[in-house]
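Enquirer:
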Amino acid sequence: MKVLRVLKVTGTVMIAVIALYVTSFTYAVSSTSSSKIKDFQLVHFDGGEVRRSHVSIAVRRGYPGVVPKITKRASAMYPNCYDVKFIFKNELRRLTFNCGSSSQQLTMLTR
């Protein structure tokens, strides 16, 4: 009886350890890691401040039919920094606007 109980406990512990290891490895190699997030420079058409609506229009122009979730990042270095998440073709996409020194620039043609 003791041998069966020891085997059962050891098996349960091993399954728990393997499950934790596999989930941590999955999160580490996620396709949404910060190294794969594209950053764009968004410039207002008359030099004004970029707003959430401008970011939404820029995203919807590039990815038609999506509903982006836009959050403003509190950053002293980049005051107009926005993080964007949306699902496009059953895949989670993440973009940032004005959060780095990217050379990819989008200009606003709307008012």
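In terms of my numbering, the sequence shown is residues 3 to 113.
Idealized CB from N, CA, C, for every residue including glycine.
1) Does the distance from the CB of Y84 to the CB of R96 come in under 9 angstroms?
2) Taking all protein chains shown into account, do 16 or more other C-beta atoms lie within 10 angstroms of the C-beta of F42, making it buried, or fewer, making it exposed?
3) Would you say F99 and V52 are within 9 angstroms of each other, going by their C-beta atoms?
4) Among Y65, M79 and V61, which has the Cα closest to the Cα of K91?
5) Buried or exposed for L44, going by 16 or more other Cβ atoms inside 10 Å?
6) Checking the sheet assignment: what are the DSSP bridge partners for T12?
7) Helix, strand or coil: which one does DSSP assign to V45?
8) Pop quiz: R54 and I72 are said to be a contact at Cβ under 8 angstroms. What is the actual Cβ separation, rounded to whole angstroms?
9) What is the residue span of the alpha helix (DSSP H) that V61 lies within?
Expert: Quick look at the numbers:
1) no
2) Buried is the call here.
3) yes
4) Answer by Cα proximity: Y65.
5) buried
6) None; T12 has no bridge partner.
7) strand
8) 5 angstroms
9) R54 to G64
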